Ligand SMILES: NC(=O)c1ccc[n+]([C@@H]2O[C@H](COP(=O)([O-])OP(=O)(O)OC[C@H]3O[C@@H](n4cnc5c(N)ncnc54)[C@H](OP(=O)(O)O)[C@@H]3O)[C@@H](O)[C@H]2O)c1
Ligand SMILES: NC(=O)c1ccc[n+]([C@@H]2O[C@H](COP(=O)([O-])OP(=O)(O)OC[C@H]3O[C@@H](n4cnc5c(N)ncnc54)[C@H](OP(=O)(O)O)[C@@H]3O)[C@@H](O)[C@H]2O)c1
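Chains as they are written, first to last, in the working numbering: chain A, 1 to 372; chain B, 373 to 744.
Dropping the structure here:
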């Protein structure tokens, strides 16, 4: 029996979700011993252009108020870690999460790499916390940020009314595409502000130039882009099929009818989702309000006549799922409509990951404390 | 029998939709005799601030290449008009359209004033052209721009498959709120460009100040706003209930199940709608593509792997309804998903109005030509 606090590695500490993870680690109860920050590591100066703005990995980052060096991800830098959270690209997680697990760490991965793996639980602590304890590969996954923008609210309503069908339309923010997405939207907005662009066909596209839309599938400033992810069978995008598959797994409803349309909007951070949910039992707005108002991780903000409904600009930087615009179907008393907003870098990525990591830390501590 | 071409009045010629109407009148076949431009009229200089930028109504506007004076709306300025199109606020139409009709004009109104009046047909020429001929009050109405962003495509699919249910989520542009909406979005974008706004809760709201959101219900730059219109029973917005009522009337399906969620996005002009449509008969993407590719007023643009899907920035300034992202429901072979974009000032307002007005003009000409 030892009282040593578990060691945490943050893989992808220099990214958009990683930066928020460092904030969250500084704000929440300090359950960690060492916190090790990992990234692709200090690159050759040529690769960075050698300009006056050094990469954060050259300097280290602040976490819990302490300057912490950022180390390159590798077998040696993963050694001695109890829990490794991955906020890194999918292919990095696919390669390195099993290595971290083989070296004894429990991995919590925010990428899509393992979300469909039946031996990797897909976990949202407010909805299916116990799933995190059964992890044959030593890996736990979190869902994508579009699912996370609505699943806590949907899960609470499902527990009461029994979910039968979901039709969701997403309004996805740019930071879903990481630091590159944030930079691209800011650059595009600077290019169109003060112009008369946005009134003739293709004028925004021409003004931004050939590669001006990158990393999006079309220009995002003064526009919305009905595409994110990669093309899949039947005209679907990978992002849309993920919302479907993730929702089914998290709610443990493998046959649930789920349809998603994923559209990017010119918002920096915070996803919104218009939800049309049909339940097995009749619903009322009053009962839905009660449930949403008392569910952990959900804030009910629903009085349009007073101007109270969630918007990304008001929700960004906060932890919960905000819900407003709750209405009962006009043609079907089992249908509920609502509008949910969630910060895609907080609950959508870093916070959900931190919550799972903390539950693993508590489990490890309990196991160590137990008489063997 | 006379060959005199009918006289047209454009009420609201100085507005956002009015400006596009003048373009359209200059571009389309010239069926009109006199074109008279009306607005609230030259105001007292004090009301305009007397600055260096005179109101267009002080100068007149170009239509069909000719400078045309803008006159104040009144009984005298409506006299001798055969067709009066109203692109003016709802309350102006409610008051003046019956006066114009009493003076012998056929009125085509783009405002919501008469859309629910059973004695006023609600017309989209591609869908229900014949309805325009039966107008007990001498008034024909066009639907709102959200309905018009999808109804031509929906109508074509309904004719083939038989519509059973619609669930739509709208991505509405700022110019839906007229010149004031365009100016507000441009001003807000100028205020946030080059800043780090959009990352802390409420920072956009604080930067824009107390009245900074007007005429929207919340700031629109770097944001989406799940509200447009006025509060109605059950938490619905007037805009959402209108999409429902208008769709039912135009398709002549009074019991159709229709649910809409209306959300504003930071786009200047062109509405988008994510459509989930259930039909009575099974659908295929191939057959839906054939129908959409051959329907007048619709452009099919659907090859996401090649980057082909409609976006507002590419559609703005064009006449048709653009449709992409066509998918068949994964759980129900009677469900079709698609994404439609339509310029809210063109087909969404001025073009639909012009089409109806032209059909009335043809009717009047035929009646005059017929032996009495
Ligand atoms: N952004 C969201 O809203 C969101 C939501 C849910 C899940 N996720 C998932 O979270 C992950 C990170 O997303 P992000 O938006 O934060 O991306 P990001 O801003 O692009 O950051 C990527 C991070 O991964 C690191 N990295 C890249 N290649 C690496 C390598 N070979 N070895 C080690 N580290 C490497 C980067 O380090 P360097 O700076 O050294 O290159 C950076 O820290 C992705 O899998 C994403 O799917 C993101
Ligand atoms: N914008 C859209 O996307 C859209 C789509 C479908 C339908 N509509 C409908 O079209 C109408 C006009 O919309 P908009 O966006 O063009 O609005 P807008 O830009 O605000 O223009 C309003 C027009 O109405 C005129 N007007 C205002 N008060 C008047 C009065 N008392 N007498 C005569 N004219 C008056 C204004 O003239 P002054 O310049 O002299 O004030 C201006 O020409 C509205 O009913 C709207 O619901 C708009």
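All C-beta atoms in this analysis are idealised placements derived from N, C-alpha and C, irrespective of residue type, glycine included. These figures come from a predicted structure and were not determined experimentally.
Below-9 Å beta-carbon distance, residue i vs any chain A residue
| i | result |
| --- | --- |
| residue 386 of chain B | no |
| residue 500 of chain B | no |
| residue 674 of chain B | yes |
| residue 608 of chain B | yes |
| residue 433 of chain B | no |
| residue 504 of chain B | no |
| residue 723 of chain B | no |
| residue 422 of chain B | Because residue 422 of chain B sits at a pLDDT of 44, beneath the cut-off of 50, its placement in the model cannot be relied upon, and the following sentence gives the value as read from the coordinates. So no, residue 422 of chain B is outside the interface. |
| residue 591 of chain B | yes |
Coarse secondary structure for residue i, derived from DSSP in three states
| i | result |
| --- | --- |
| residue 598 of chain B | coil |
| residue 535 of chain B | strand |
| residue 364 of chain A | helix |
| residue 86 of chain A | strand |
| residue 468 of chain B | helix |
| residue 28 of chain A | coil |
| residue 300 of chain A | strand |
| residue 214 of chain A | coil |
| residue 375 of chain A | The displayed coordinates of chain A run from 1 to 372. Any statement about residue 375 of chain A would go beyond what the structure contains. |
| residue 655 of chain B | coil |
| residue 616 of chain B | helix |
| residue 436 of chain B | coil |
| residue 308 of chain A | strand |
| residue 629 of chain B | strand |
| residue 135 of chain A | coil |
| residue 649 of chain B | strand |
| residue 550 of chain B | helix |
| residue 46 of chain A | Residue confidence for residue 46 of chain A is low, a pLDDT of 41 falling below 50, so the modelled location carries little weight; the figure read from the coordinates is stated next. Residue 46 of chain A falls in the helix class under three-state DSSP. |
| residue 667 of chain B | coil |
| residue 199 of chain A | coil |
| residue 743 of chain B | coil |
| residue 566 of chain B | coil |
Paired residues, beta bridge with residue i - DSSP
| i | result |
| --- | --- |
| residue 623 of chain B | Beta-bridge pairing links residue 623 of chain B to no other residue. |
| residue 36 of chain A | A/9 |
| residue 373 of chain A | In the structure as shown, chain A begins at 1 and stops at 372. Residue 373 of chain A is therefore absent and cannot be evaluated. |
| residue 713 of chain B | B/644, B/694 |
| residue 609 of chain B | B/603 |
| residue 328 of chain A | A/336 |
| residue 481 of chain B | B/458, B/513 |
| residue 122 of chain A | A/141 |
| residue 221 of chain A | For residue 221 of chain A, which the question treats as bridged, DSSP gives no partner whatsoever. |
Within 9 Å, strictly: CB atoms of residue i and residue j
| i | j | result |
| --- | --- | --- |
| residue 614 of chain B | residue 484 of chain B | yes |
| residue 587 of chain B | residue 559 of chain B | no |
| residue 7 of chain A | residue 120 of chain A | no |
| residue 155 of chain A | residue 349 of chain A | no |
| residue 106 of chain A | residue 127 of chain A | no |
| residue 268 of chain A | residue 316 of chain A | yes |
| residue 539 of chain B | residue 360 of chain A | no |
| residue 518 of chain B | residue 549 of chain B | no |
| residue 185 of chain A | residue 222 of chain A | no |
| residue 183 of chain A | residue 341 of chain A | no |
| residue 357 of chain A | residue 108 of chain A | yes |
Residue-level contact to chain B via CB, residue i, 9 Å cutoff
| i | result |
| --- | --- |
| residue 227 of chain A | yes |
| residue 375 of chain A | No answer is possible for residue 375 of chain A: the residues shown for chain A start at 1 and end at 372. |
| residue 209 of chain A | no |
| residue 314 of chain A | yes |
| residue 298 of chain A | no |
| residue 269 of chain A | yes |
| residue 344 of chain A | no |
| residue 169 of chain A | yes |
| residue 87 of chain A | no |
| residue 272 of chain A | yes |
| residue 276 of chain A | yes |
| residue 370 of chain A | no |
| residue 259 of chain A | yes |
| residue 222 of chain A | yes |
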